[in-house]
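Asker:
Number of protein chains: 2
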Amino acid sequence: MAYKQLTEEIVVDYLKSLDSMKKIFSSFDDLNVKEVGDGNLNYVYIISNNKDPEETVVLKQAVPFLRVVGESWPLDIERMNFEVAALKKEYEICPGLVPEVYHADSEMSLVIMQNLNKHTIVRGEMNKGIRFPKMPDHVSTFLARMVFFTSDWGMAGKTEKWPDHDTAAKKEMVKQFINEDLCNLTENFIFSYPFYPSETNSYPPGISEADKKSIQEDGELKQKVALLRYKFMNNAEVLLHGDLHTGSIMANQDESYVIDPEFAFYGPAGFDIGLLLGNMLLAYIGQMYWQKKLGNDPADYRRWVLSAVKEIWEGFAEKYDKLWQEHQKKNPDPMWDFPGGDDAFTELRRTEISRIFHDTAGFAGTVMIRRTLGLAKVSDIASIDDPDSRAEADKMALAIGKKLILQAETMKSVQEMITIAQEVSPL
Amino acid sequence: MAYKQLTEEIVVDYLKSLDSMKKIFSSFDDLNVKEVGDGNLNYVYIISNNKDPEETVVLKQAVPFLRVVGESWPLDIERMNFEVAALKKEYEICPGLVPEVYHADSEMSLVIMQNLNKHTIVRGEMNKGIRFPKMPDHVSTFLARMVFFTSDWGMAGKTEKWPDHDTAAKKEMVKQFINEDLCNLTENFIFSYPFYPSETNSYPPGISEADKKSIQEDGELKQKVALLRYKFMNNAEVLLHGDLHTGSIMANQDESYVIDPEFAFYGPAGFDIGLLLGNMLLAYIGQMYWQKKLGNDPADYRRWVLSAVKEIWEGFAEKYDKLWQEHQKKNPDPMWDFPGGDDAFTELRRTEISRIFHDTAGFAGTVMIRRTLGLAKVSDIASIDDPDSRAEADKMALAIGKKLILQAETMKSVQEMITIAQEVSPL
Numbered sequence: 012m013a014y015k016q017l018t019e020e021i022v023v024d025y026l027k028s029l030d031s032m033k034k035i036f037s038s039f040d041d042l043n044v045k046e047v048g049d050g051n052l053n054y055v056y057i058i059s060n061n062k063d064p065e066e067t068v069v070l071k072q073a074v075p076f077l078r079v080v081g082e083s084w085p086l087d088i089e090r091m092n093f094e095v096a097a098l099k100k101e102y103e104i105c106p107g108l109v110p111e112v113y114h115a116d117s118e119m120s121l122v123i124m125q126n127l128n129k130h131t132i133v134r135g136e137m138n139k140g141i142r143f144p145k146m147p148d149h150v151s152t153f154l155a156r157m158v159f160f161t162s163d164w165g166m167a168g169k170t171e172k173w174p175d176h177d178t179a180a181k182k183e184m185v186k187q188f189i190n191e192d193l194c195n196l197t198e199n200f201i202f203s204y205p206f207y208p209s210e211t212n213s214y215p216p217g218i219s220e221a222d223k224k225s226i227q228e229d230g231e232l233k234q235k236v237a238l239l240r241y242k243f244m245n246n247a248e249v250l251l252h253g254d255l256h257t258g259s260i261m262a263n264q265d266e267s268y269v270i271d272p273e274f275a276f277y278g279p280a281g282f283d284i285g286l287l288l289g290n291m292l293l294a295y296i297g298q299m300y301w302q303k304k305l306g307n308d309p310a311d312y313r314r315w316v317l318s319a320v321k322e323i324w325e326g327f328a329e330k331y332d333k334l335w336q337e338h339q340k341k342n343p344d345p346m347w348d349f350p351g352g353d354d355a356f357t358e359l360r361r362t363e364i365s366r367i368f369h370d371t372a373g374f375a376g377t378v379m380i381r382r383t384l385g386l387a388k389v390s391d392i393a394s395i396d397d398p399d400s401r402a403e404a405d406k407m408a409l410a411i412g413k414k415l416i417l418q419a420e421t422m423k424s425v426q427e428m429i430t431i432a433q434e435v436s437p438l
Numbered sequence: 012m013a014y015k016q017l018t019e020e021i022v023v024d025y026l027k028s029l030d031s032m033k034k035i036f037s038s039f040d041d042l043n044v045k046e047v048g049d050g051n052l053n054y055v056y057i058i059s060n061n062k063d064p065e066e067t068v069v070l071k072q073a074v075p076f077l078r079v080v081g082e083s084w085p086l087d088i089e090r091m092n093f094e095v096a097a098l099k100k101e102y103e104i105c106p107g108l109v110p111e112v113y114h115a116d117s118e119m120s121l122v123i124m125q126n127l128n129k130h131t132i133v134r135g136e137m138n139k140g141i142r143f144p145k146m147p148d149h150v151s152t153f154l155a156r157m158v159f160f161t162s163d164w165g166m167a168g169k170t171e172k173w174p175d176h177d178t179a180a181k182k183e184m185v186k187q188f189i190n191e192d193l194c195n196l197t198e199n200f201i202f203s204y205p206f207y208p209s210e211t212n213s214y215p216p217g218i219s220e221a222d223k224k225s226i227q228e229d230g231e232l233k234q235k236v237a238l239l240r241y242k243f244m245n246n247a248e249v250l251l252h253g254d255l256h257t258g259s260i261m262a263n264q265d266e267s268y269v270i271d272p273e274f275a276f277y278g279p280a281g282f283d284i285g286l287l288l289g290n291m292l293l294a295y296i297g298q299m300y301w302q303k304k305l306g307n308d309p310a311d312y313r314r315w316v317l318s319a320v321k322e323i324w325e326g327f328a329e330k331y332d333k334l335w336q337e338h339q340k341k342n343p344d345p346m347w348d349f350p351g352g353d354d355a356f357t358e359l360r361r362t363e364i365s366r367i368f369h370d371t372a373g374f375a376g377t378v379m380i381r382r383t384l385g386l387a388k389v390s391d392i393a394s395i396d397d398p399d400s401r402a403e404a405d406k407m408a409l410a411i412g413k414k415l416i417l418q419a420e421t422m423k424s425v426q427e428m429i430t431i432a433q434e435v436s437p438l
């Protein structure tokens, strides 16, 4: 049906009209509707049956402007198509790590899906000192499977037309996921504005002119950021979530779900991992404050955050490598069928993982800087209400981000990322 | 109109039906029609008015199979849409270096365009010892303008929506030029088959098992080729011609035209240049034989070929750099508006040109190997009728190609490419 912005009042009528909802709700007489969106781009309704709260769905509808700015910033509501297509592809590749889609309406720019009512957004919980011991394993599985199975390494198939190597299916995906609007958002708000005196920036109160200049007037740093931006714009390697941070993961002690892939597009393999690790390092910084406030020794929790950083990267690398080996066994690329071929294939995987890691480190650094100088903040740091602690945290984020970007291309292991974080912000 | 394969007999009736042809031909009573296609994918008709031979056009029609193999190898005739779209875009960016399109019919899978009747295919003429002194300048202009103006560096615009940096227009081009069929051809016939014992290969008579193994069983080489293939498949940087060799350039002593862009797609910036330089180096090898046959000292002509290699690369690099500087003056990227910004911008350009050169060298080496072991040969070498000279030339092509691929990433200048060629095949 034609686009119409829903409200709490009319959501139930809309649900009633859908056959797919009759499988979820035993009755529509006593549904509870609550708008809970805290993102920038959408309204999110949780609908549950008061008679049986297990009968519940989430409805997410895109609105035709950037919510955080207001109606003056128009955005194409077709972006919901990207989210739905990405959710379905992610669910196919990573069932149990992504909410199930029950219904999607392209014209209404909305999706109705599994309500993760036993899970909470990881970022907020981390600020309360909650650990998610299984999250690194789950998320690294999500990352490894998505990166491998949507890449040419994982998708190049054997077809009748091209018995050895057919890449048409992947190119169809690239075409489907050309996501101009939201890529422009990222290119501007992550890779551009924070690095010069854009009016859109929002400088934290404790940041000095010298702090800003340490980023915005460092030629080597900006050259590297411009090249990371170029990779983001050009390297159509894998289907990315596009906005993977601790606010896009809902988890509990047993399960983790990756949500909100409206920024999905084909981009560089290290981008999602980099964004996530950058956000974890922002949490590492913020926990100096939050753990003290909770009356804990910050070192304990912060050590867990760093171990999670390590586990996410190493889990990704190990699983990705294994998926590729399994794939090669099932669909042998004749390139490696020669004496010495195993070694060459091993070296190829090693080279690729190392290249992805360099990009990961660079993207991690970029996101730490953008969350400090740019428009959109993270609560890990921006909610700190003690001015000195906030300023210290912001400065640390800039310093770690900068080092990650400058050193990304020569880094050999995730331990080097962790060492940089610990040097700037000791445990 | 619906697809119908033209023949010499019915071409004139087709032309008569087109308004656009009434502007070219003063009458249709005495037209001469000749099929001249020698490519793999199309029929090409030259039509001229016997009463005034300056009234002339070329009509190119795609056929639904790979012509060199026959009807058993089906190919999508929609590929003509890519050729027409690319010709128009190239003409817009490089008028005078690309034939003008007079008429295109998507359903008939054909294009009618400027007949380059004062120009000849460069490859064949080179084998006759003809030099094209202005060709390197023309072709490097074509390459620099195409690479710059279709890249994000040249296309990222300032729009109302994104006043600093809008990349939507380039992404639309990427989408339009997703060219699955012909990219699969390249990925298989250039980057895959020649590097393992594929049945499609056609090994030259003088090539030994050891020669084949020096390519097909070298793990380091194959790993680098797999990564070049990956770049070809993933790095959607610039609108490429996709098949730029000395057989895709028509020239005379004053003008040069780049023809046949049916392989056009968005790919790595160094691909076209690499293919062309690889083909020039194959000519350099072949000229050992052809110049002797013409009774000349081969060193003279071969020196010209190497100077052309140098001039094409250096001309490209210089012009590309200049276009970028001019663009930055007209559309300043605020990233470089700070004290020291000029230096950072200069360093960025230097880094990018160096990266493009590394890719160029790798692609050049790959194409030299594929033209030796793979299905499609070049007449520069494959027409050599003396078995010993032919074998020597084929071995040299493999040796130079291999060195280029292995050393690509560490090469600093085009002189290193030339030195490799001269070491393997002395003047």
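In the order they appear, the protein sequences are chains H and G.
Here the first sequence is numbered in my numbering, starting from 12 and rising by one per residue.
Here the second sequence is numbered in my numbering, starting from 12 and rising by one per residue.
By construction, the Cβ of each residue, glycine as well, lies at the ideal position given by its N, Cα and C atoms.
Measure the C-alpha to C-alpha separation of H/I380 and H/L288 and round it to an integer number of angstroms.
Answerer: Residue mapping note: residue 380 of chain H aligns to position 369 of the first sequence, counting from 1. Residue mapping note: residue 288 of chain H aligns to position 277 of the first sequence, counting from 1. Approximately 13 Å, taken between the alpha carbons.
Asker: For a contact defined as C-beta to C-beta under 7 Å, what are the partners of G/E248 on chain H?
Answerer: If you number the second sequence from 1, residue 248 of chain G lands on position 237. Under the 7 Å cutoff, chain H gives N245.
Asker: DSSP on H/K139, reduced to helix/strand/coil?
Answerer: As a working note, residue 139 of chain H is residue 128 in the first sequence. The answer is coil: DSSP assigns H/K139 none of H, G, I, E or B.
Asker: I'd like to confirm the pairing. Which residues does DSSP put opposite G/D116 in its beta bridges?
Answerer: Sequence index remark: in the second sequence, residue 116 of chain G carries index 105 (1-based). Answer is G/L121, bridged to G/D116.
Asker: Given that a residue counts as buried once 16 or more other Cβ atoms are within 10 Å of its Cβ, and exposed if not, what is H/E248?
Answerer: Counting from 1 along the first sequence, the entry for residue 248 of chain H is found at position 237. Buried is the call here.
Asker: Name the residues in the stretch 160-176 of chain H whose C-beta lies less than 7 Å from a C-beta of chain G; which are they?
Answerer: Within the stretch 160-176 of chain H, the residues whose Cβ lies closer than 7 Å to some Cβ of chain G are D163, W173, D175 and H176, listed in chain order.
Asker: Check whether the Cβ atoms of G/E228 and H/P343 lie closer than 9 Å to each other.
Answerer: Numbered from 1 along the second sequence, position 217 holds the residue referred to as residue 228 of chain G. Numbered from 1 along the first sequence, position 332 holds the residue referred to as residue 343 of chain H. No, they are not a contact pair.
Asker: Using only alpha-carbon positions, find the residue among G/Y54, G/N290, G/A275 and G/E329 that is nearest to G/V95.
Answerer: Within the second sequence, residue 95 of chain G is the residue found at index 84, counting from 1. It is G/A275 whose Cα lies nearest to the Cα of G/V95.
Asker: Between G/I364 and the rest of its own chain, which residues show a CB-CB distance below 8 Å, the 5 nearest in sequence each way excluded?
Answerer: Position 353 of the second sequence, counting from 1, holds the residue named residue 364 of chain G. Within the same chain, G/I364 has close Cβ partners A328, Y331 and D332.
Asker: Applying a beta-carbon distance threshold of less than 7 Å, which residues of chain G neighbour H/N199?
Answerer: Looking up residue 199 of chain H in the first sequence gives position 188. Near H/N199 (Cβ distances below 7 Å), the residues of chain G are W173, D175 and H176.
Asker: Should H/E19 go down as buried or exposed, given a rule of 16 or more other Cβ atoms within 10 Å for buried?
Answerer: Counted from its first residue, the first sequence places residue 19 of chain H at position 8. When all chains shown are included, H/E19 counts as exposed.
Asker: If you reduce the DSSP assignment to three classes, tell me which class G/L70 lands in.
Answerer: Your numbering for residue 70 of chain G matches position 59 in the second sequence. Strand at G/L70.
Asker: Count the other CB atoms within 10 Å of the CB of H/Q72; is the residue buried (16 or more) or exposed (fewer)?
Answerer: Residue mapping note: residue 72 of chain H aligns to position 61 of the first sequence, counting from 1. Its Cβ being crowded by 16 or more others within 10 Å, H/Q72 is buried.
Asker: Which residues of chain G have a Cβ atom closer than 9 Å to the Cβ of H/S203, listed in chain order?
Answerer: Counting from one through the first sequence, the residue named residue 203 of chain H turns up at place 192. By Cβ distance, chain G contributes D175, H176, D344, P345 and M346.
Asker: Going by beta-carbon coordinates alone, are H/S318 and H/F153 separated by less than 9 Å?
Answerer: Here residue 318 of chain H is taken as the residue at index 307 of the first sequence, counted from 1. Here residue 153 of chain H is taken as the residue at index 142 of the first sequence, counted from 1. Their beta carbons are not under 9 Å apart, which means H/S318 does not touch H/F153 by this criterion.
Asker: Run down chain H in chain order and give the residues with a C-beta less than 7 Å from the C-beta of G/Y241.
Answerer: Position 230 of the second sequence, counted from the start, is the residue given in the question as residue 241 of chain G. By Cβ distance, chain H contributes D163.
Asker: Please classify G/I21 as buried or exposed, where buried requires at least 16 other C-beta atoms within 10 Å of its C-beta.
Answerer: Here residue 21 of chain G corresponds to residue number 10 of the second sequence, with the count starting at 1. Exposed: under 16 other Cβ atoms inside 10 Å.
Asker: Which chain G residues are close to H/F206, counting only those with a beta carbon under 8 Å from its beta carbon?
Answerer: Reading the first sequence from its first residue, position 195 is the one you call residue 206 of chain H. Those are M346, listed as they occur along chain G.
Asker: With distance defined between alpha-carbon atoms, name the residue in G/K99, G/H114 and G/F93 nearest to G/S28.
Answerer: Here residue 28 of chain G refers to the residue found at position 17 of the second sequence. If we check each option's Cα against that of G/S28, G/H114 comes out closest.
Asker: Could you check which residue in H/N92, H/L438 and H/R240 has the C-alpha nearest to that of H/P205?
Answerer: In the first sequence, counting from the first residue as 1, residue 205 of chain H sits at position 194. Nearest C-alpha to H/P205: H/R240.
Asker: Using beta carbons (cut-off 9 Å, strictly below), is G/V158 in contact with chain H?
Answerer: Looking up residue 158 of chain G in the second sequence gives position 147. It does not: the Cβ of G/V158 has no partner Cβ on chain H nearer than 9 Å.
Asker: Let me know the secondary structure DSSP gives H/K406 once reduced to three states.
Answerer: Stepping through the first sequence from its first residue, residue 406 of chain H is reached at position 395. Reduced to three states, the DSSP call for H/K406 is helix.
Asker: What is the residue span of the alpha helix (DSSP H) that G/V47 lies within?
Answerer: Residue 47 of chain G sits at position 36 when you count from the first residue of the second sequence. Run containing G/V47: none; DSSP gives neither H nor E here.
Asker: Excluding sequence positions up to five away, which residues of its chain have a Cβ less than 6 Å from the Cβ of H/L255?
Answerer: In the first sequence, residue 255 of chain H corresponds to position 244, counting from 1. Counting only Cβ-Cβ distances below 6 Å, and skipping sequence neighbours, we find D283, L286 and L287.
Asker: What does a CB cutoff of less than 7 Å around G/I132 pick up in its chain, not counting 5 residues either side in sequence?
Answerer: Stepping through the second sequence from its first residue, residue 132 of chain G is reached at position 121. Hits under 7 Å: G258 and M261.
Asker: At 8 Å on the CB atoms, spell out the chain G contacts of H/N263, in chain order.
Answerer: As a first step, residue 263 of chain H is located in the first sequence; it is residue number 252 there, counting from the start. None at all; the shortest Cβ gap to chain G is about 37 Å.
Asker: Would you mind working out which of H/K186, H/M91, H/M291 and H/D265 sits nearest H/K145, comparing C-alpha positions?
Answerer: Locating residue 145 of chain H in the first sequence gives position 134, counting from the first residue. For the residues H/K186, H/M91, H/M291 and H/D265, the minimum Cα distance to H/K145 belongs to H/D265.
Asker: Taking 8 Å as the threshold, find out whether the stretch 27-42 of chain G comes into contact with the stretch 106-124 of chain G through three or more Cβ pairs.
Answerer: Output reads yes: the stretch 106-124 of chain G touches the stretch 27-42 of chain G.
Asker: Name the residue from G/M119, G/E103, G/A221 and G/C105 whose alpha carbon lies nearest to the alpha carbon of G/I13.
Answerer: Taking the second sequence and counting its residues from 1, one reaches residue 13 of chain G at position 2. One detail in the question is off: residue 13 of chain G reads as Ala in this sequence, not Ile. It is G/M119 whose Cα lies nearest to the Cα of G/A13.
Asker: With distance defined between alpha-carbon atoms, name the residue in H/L17, H/Q339, H/D397 and H/K406 nearest to H/A355.
Answerer: Here residue 355 of chain H is taken as the residue at index 344 of the first sequence, counted from 1. When each option's Cα is compared against that of H/A355, the closest is H/Q339.
Asker: Any idea if G/T197 is buried or exposed, counting beta-carbon neighbours within 10 angstroms, 16 or more meaning buried?
Answerer: Counting from 1 along the second sequence, the entry for residue 197 of chain G is found at position 186. The residue in question, G/T197, is buried, as its Cβ has 16 or more Cβ neighbours within 10 Å.
Asker: Excluding the 5 residues preceding and the 5 following G/I270 in the sequence, name in chain order all residues of the same chain whose CB lies nearer than 8 Å to its CB.
Answerer: Locating residue 270 of chain G in the second sequence gives position 259, counting from the first residue. Closer than 8 Å at the Cβ level, and outside the excluded window around G/I270, lie V109, P110, L127, S259, I260 and M261.
Asker: Give me the subset of the stretch 305-337 of chain G whose CB atoms are less than 7 Å from a CB atom of chain H, sorted by chain position.
Answerer: Answer in chain order: no residues at all.
Asker: How many Å lie between G/S209 and G/P215 at the Cα?
Answerer: Reading the second sequence from its first residue, position 198 is the one you call residue 209 of chain G. Reading the second sequence from its first residue, position 204 is the one you call residue 215 of chain G. Rounded to the nearest angstrom, the two C-alpha atoms are 14 Å apart.
Asker: Under a three-way DSSP split, which group does H/N342 fall into?
Answerer: For the purposes of this step, residue 342 of chain H is taken as residue 331 along the first sequence, with counting starting at 1. H/N342: coil per DSSP, three-state reduction.
Asker: Using only the alpha-carbon positions, how far apart do H/I35 and H/E171 sit?
Answerer: In the first sequence, counting from the first residue as 1, residue 35 of chain H sits at position 24. In the first sequence, counting from the first residue as 1, residue 171 of chain H sits at position 160. Computed Cα separation, rounded: 42 Å.
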